[in-house]
Amino acid sequence: MKAYEAVRLYFDHAAERLGLDHSMQQLLLVPKREVQVQIPVEMDDGTLKTLIGFRVQHDDSRGPMKGGLRYHPEVDLDEVRALATLMTWKTAVVDLPYGGAKGGIGIDPRHHSVKELERITRKFTDQIHDVIGPDRDIPAPDMGTSSREMAWIRNQWEKYHGFNPAVITGKPVEHYGIEGREEATGRGVGILAYKLIGHLGRKPTQTSVALQGFGNVGSHAAKFLHESEYKIVAVGDHTGAYFRRDGLDIPQMLKYSLGNKGMLQGYREAEHITNQELLELDVDLLIPAALGGVITKANVERIRAPLIIEAANAPVDPDADEILAARGVRVLPDILANAGGVTVSYFEWVQNLQYYKWGLNRVRQELDHVLTRAFDAVWHQATAEKCSLRTAAYMIAIKRVKAATELAGMG
Ligand code: GLU
Numbered sequence: 034m035k036a037y038e039a040v041r042l043y044f045d046h047a048a049e050r051l052g053l054d055h056s057m058q059q060l061l062l063v064p065k066r067e068v069q070v071q072i073p074v075e076m077d078d079g080t081l082k083t084l085i086g087f088r089v090q091h092d093d094s095r096g097p098m099k100g101g102l103r104y105h106p107e108v109d110l111d112e113v114r115a116l117a118t119l120m121t122w123k124t125a126v127v128d129l130p131y132g133g134a135k136g137g138i139g140i141d142p143r144h145h146s147v148k149e150l151e152r153i154t155r156k157f158t159d160q161i162h163d164v165i166g167p168d169r170d171i172p173a174p175d176m177g178t179s180s181r182e183m184a185w186i187r188n189q190w191e192k193y194h195g196f197n198p199a200v201i202t203g204k205p206v207e208h209y210g211i212e213g214r215e216e217a218t219g220r221g222v223g224i225l226a227y228k229l230i231g232h233l234g235r236k237p238t239q240t241s242v243a244l245q246g247f248g249n250v251g252s253h254a255a256k257f258l259h260e261s262e263y264k265i266v267a268v269g270d271h272t273g274a275y276f277r278r279d280g281l282d283i284p285q286m287l288k289y290s291l292g293n294k295g296m297l298q299g300y301r302e303a304e305h306i307t308n309q310e311l312l313e314l315d316v317d318l319l320i321p322a323a324l325g326g327v328i329t330k331a332n333v334e335r336i337r338a339p340l341i342i343e344a345a346n347a348p349v350d351p352d353a354d355e356i357l358a359a360r361g362v363r364v365l366p367d368i369l370a371n372a373g374g375v376t377v378s379y380f381e382w383v384q385n386l387q388y389y390k391w392g393l394n395r396v397r398q399e400l401d402h403v404l405t406r407a408f409d410a411v412w413h414q415a416t417a418e419k420c421s422l423r424t425a426a427y428m429i430a431i432k433r434v435k436a437a438t439e440l441a442g443m444g
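With our numbering applied, the sequence shown corresponds to residues 34 to 444, in that order.
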């Protein structure tokens, strides 16, 4: 299923329950602005490549728009539009004063040198500098980008607009970044996992976990869950997956991947399985923390975990989601499950606007506070409405965006 169609179906489902009329649905769904730009860049060998860059700004009724920049071969307008829409619901469900946006370029960053990536990023910034800004739209890292790209974007943007580090978040700590941003999404997954299993009367030591993805989100989630004494039996990245029934040695795997260009390829202390097999393991908790669309109609019948936390964006297709719900599988939806990243981005932005540096403890405490409050609201709504956690989260988010839209006036 195409990414935008999936996000739309989730919206429709919640909007119907809320009794939203068609015109309001249209108003909330149609993106405010979609920017597509040409990025001509010279490669290291002297050839010229023309890339396409996107920035979709979905909604700004609750504040400046916010969302990451993705460098991945599958990036296209449909995907960016879907992810921008998800950001609107994500910032609303955790109640940050933001709207939603997303951007990206369809490249595989592993196939480019650092110099090429810097030229691509600066050229892209040249093309979109006038539509982003601290009060308009604040980009951040996503798949294939990190603090390195954020530093380049800030530097390039400031050439046009002058000093203002709040134009982008996820920056290096040395460049007005915030401590704890890098770990934030993974830590957030850990905080929410604890809340979820606690409500179901389960303890971390009794919970076996399969985790797909060992990038920024997956590796930090693994670290956090391991420290909290969950039994992580399988972990995978784009090179394959690794399984050990008695629990994996996560600190050793983190060290291994660090010394292996961020990859688990060649790790020998566990059984090598495929990513598909990882998803189908008989575990208590499954955490897809990599690509979207990995649980679909094609494999849903073989998914055995009774609990799923969507650390990635849009890993479960709506038709698969329906089948999981009918089977009683609890799915903690992406718009809440991975909101730790944008929450700490918000702290970074606040820090930048106030010229005041937060310490790591404060960041962690406030992250805990924001996510706990959001989780409790979603749990409460799902119980009251007798609906899935996803529908509950969407209902809360849509209500907030609708209220802000109406209060601004329609004239
Ligand atoms: N890219 C992340 C996300 O999908 C973080 C966005 C941000 O920090 O603005 O939520």
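Beta carbons are placed, not taken as given, at the ideal position from N, Cα and C, and that holds for glycine.
Comparing C-alpha positions only, which one of Gly-248, Leu-314, Ile-328, Glu-260 sits nearest to Leu-297?
Position 264 of the sequence shown, counted from the start, is the residue given in the question as residue 297. With distances taken between Cα atoms, Leu-297 lies closest to Gly-248.
Collapsed DSSP secondary structure at Tyr-379 in the structure displayed
If you number the sequence shown from 1, residue 379 lands on position 346. If DSSP states are grouped into helix, strand and coil, Tyr-379 belongs with the helices.
Verify the contact flag: Thr-83, CB atom, against every heavy atom of the ligand GLU, threshold strictly below 7 Å.
Here residue 83 refers to the residue found at position 50 when the sequence shown is read from its first residue. Thr-83: no, Cβ never under 7 Å from the ligand GLU.
If you reduce the DSSP assignment to three classes, tell me which class Gly-166 lands in.
Within the sequence shown, numbered from 1, the residue matching residue 166 stands at position 133. In the structure shown, Gly-166 sits in a strand (DSSP, three-state: E or B).
Chain-order list of residues whose beta-carbon lies under 7 Å from that of Asp-109 (same chain, five-residue window excluded):
Translated into positions along the sequence shown, residue 109 becomes position 76. Gly-139, listed in sequence order.
In angstroms with no decimal places, state the Cα-to-Cα distance between Asp-279 and His-259.
Translated into the one-based positions of the sequence shown, residue 279 becomes position 246. Translated into the one-based positions of the sequence shown, residue 259 becomes position 226. Spanning the two alpha carbons is a distance of roughly 13 Å.
I want to know whether the stretch 169 to 178 touches the stretch 91 to 104 - three or more CB-CB distances under 8 Å.
yes
Nearest candidate by alpha-carbon position, reference Asn-188, set Leu-314, Gln-387, Glu-151, Val-222:
Counting from 1 along the sequence shown, the entry for residue 188 is found at position 155. Closest option to Asn-188, Cα to Cα, is Glu-151.
What is the DSSP secondary structure of Val-147, counted as helix, strand or coil?
Against the sequence shown, residue 147 aligns to sequence position 114. DSSP places Val-147 in helix when its eight states are reduced to three.
Please classify His-91: does DSSP put it in a helix, a strand, or coil?
Taking the sequence shown and counting its residues from 1, one reaches residue 91 at position 58. Correct three-state label for His-91: strand.
Nearest neighbour of Gln-239, chosen from Gly-246, Ile-186, Ser-179, Val-316 [CA to CA]:
As a working note, residue 239 is residue 206 in the sequence shown. Comparing Cα-Cα distances from Gln-239 to each of Gly-246, Ile-186, Ser-179, Val-316, the minimum goes to Val-316.
Which of helix, strand or coil does DSSP assign to Asp-270?
Translated into the one-based positions of the sequence shown, residue 270 becomes position 237. Correct three-state label for Asp-270: strand.
Whole-angstrom distance between Asp-141 and Leu-324, CA atom to CA atom
Translated into positions along the sequence shown, residue 324 becomes position 291. Translated into positions along the sequence shown, residue 141 becomes position 108. Using only the alpha carbons, I get a separation of about 14 Å.
Taking the straight line between their C-alpha atoms, what separation do you get for Gln-446 and Leu-62?
Only positions 34 to 444 of the chain appear in this structure, which leaves residue 446 out of reach.
State yes or no: is the C-beta of Ala-134 within less than 8 Å of the C-beta of Val-89?
Sequence index remark: in the sequence shown, residue 134 carries index 101 (1-based). Sequence index remark: in the sequence shown, residue 89 carries index 56 (1-based). Contact: yes.
Report yes or no: do the stretch 357 to 374 and the stretch 339 to 349 share at least 3 C-beta pairs separated by less than 8 Å?
yes
Contact test: Pro-366 Cβ vs the ligand GLU heavy atom, cutoff 7 Å
Within the sequence shown, numbered from 1, the residue matching residue 366 stands at position 333. For the ligand GLU, not one heavy atom lies less than 7 Å from the Cβ of Pro-366.
Contact between the stretch 331 to 340 and the stretch 268 to 288 (3+ Cβ pairs under 8 Å)
no
Short Cβ contact (8 Å threshold) for Val-250 with Thr-218:
Here residue 250 is taken as the residue at index 217 of the sequence shown, counted from 1. Here residue 218 is taken as the residue at index 185 of the sequence shown, counted from 1. Cβ atoms of Val-250 and Thr-218: closer than 8 Å.
Hey, would you say His-162 sits closer than 8 Å to Trp-185, going by beta carbons?
Position 129 of the sequence shown, counting from 1, holds the residue named residue 162. Position 152 of the sequence shown, counting from 1, holds the residue named residue 185. The answer is no: Cβ separation not under 8 Å.
On the DSSP letters alone, give me the boundaries of the alpha helix (DSSP H) that Arg-363 sits inside.
Numbered from 1 along the sequence shown, position 330 holds the residue referred to as residue 363. Where Arg-363 is concerned, there is no enclosing alpha helix (DSSP H), although the beta strand (DSSP E) it sits in stretches over 363 to 365.
Using CA coordinates, which residue listed in Trp-382, Tyr-37, Arg-41 is at the minimum distance from Tyr-427?
Within the sequence shown, the letter at position 394 stands for residue 427. Checked all of Trp-382, Tyr-37, Arg-41; the closest Cα to Tyr-427 is Arg-41.
Go ahead and pull the three-state DSSP assignment for Arg-103.
For the purposes of this step, residue 103 is identified with residue 70 of the sequence shown, where counting begins at 1. Strand.
Can you name the start and end residues of the alpha helix (DSSP H) that Glu-260 belongs to?
Along the sequence shown, read from residue 1 onward, the residue named residue 260 stands at position 227. Its alpha helix (DSSP H) spans residues 249 to 260.
Can you find a heavy atom of the ligand GLU that lies under 7 Å from the Cβ of Met-378?
Residue mapping note: residue 378 aligns to position 345 of the sequence shown, counting from 1. In the sequence under discussion, the amino acid at residue 378 is Ser, which differs from the Met named in the question. Under cutoff, so the answer is yes.
N-terminal and C-terminal residue of the alpha helix (DSSP H) that Val-74 is part of
Reading the sequence shown from its first residue, position 41 is the one you call residue 74. Taken as a continuous stretch (DSSP letters only), Val-74 belongs to no alpha helix (DSSP H), being part of the beta strand (DSSP E) at 66 to 75.
Can you give me the C-alpha to C-alpha distance between Thr-118 and Lys-236, rounded to a whole angstrom?
The residue you call residue 118 lines up with position 85 of the sequence shown. The residue you call residue 236 lines up with position 203 of the sequence shown. Cα-Cα distance, rounded: 34 Å.
Kindly give me the distance between the Cβ atoms of His-46 and Pro-64, rounded to whole angstroms, as I take these residues to be in contact under 8 Å.
Translated into positions along the sequence shown, residue 46 becomes position 13. Translated into positions along the sequence shown, residue 64 becomes position 31. Between Pro-64 and His-46 the Cβ distance is about 20 Å, and since that is not below 8 Å, they are no contact.
Could you check if Lys-123 belongs to the surroundings of the ligand GLU, using beta carbon to heavy atom distance under 7 Å?
The residue labelled residue 123 in the question sits at position 90 within the sequence shown. Yes; taking the cut-off as 7 Å, the Cβ of Lys-123 has a heavy atom of the ligand GLU nearer than that.
Taking all protein chains shown into account, decide if Pro-198 is buried (16 or more other Cβ within 10 angstroms of its Cβ) or exposed.
Translated into the one-based positions of the sequence shown, residue 198 becomes position 165. Buried, by the Cβ-count rule.
Tyr-452: which of Met-443, Pro-97, Gln-387, Val-375 sits nearest, CA to CA?
This structure does not reach residue 452, given that the chain is present from 34 up to 444, and the question cannot be answered.
Determine, using beta carbons only, whether Gly-221 and Asn-394 come nearer to each other than 8 Å.
Numbered from its first residue, the sequence shown carries residue 221 at position 188. Numbered from its first residue, the sequence shown carries residue 394 at position 361. Contact flag unset, no.
Answer with yes or no whether the minimum CB distance from His-105 to chain C is below 8 Å.
The chain labelled as chain C is not found in the depicted structure, where only one protein chain is given.
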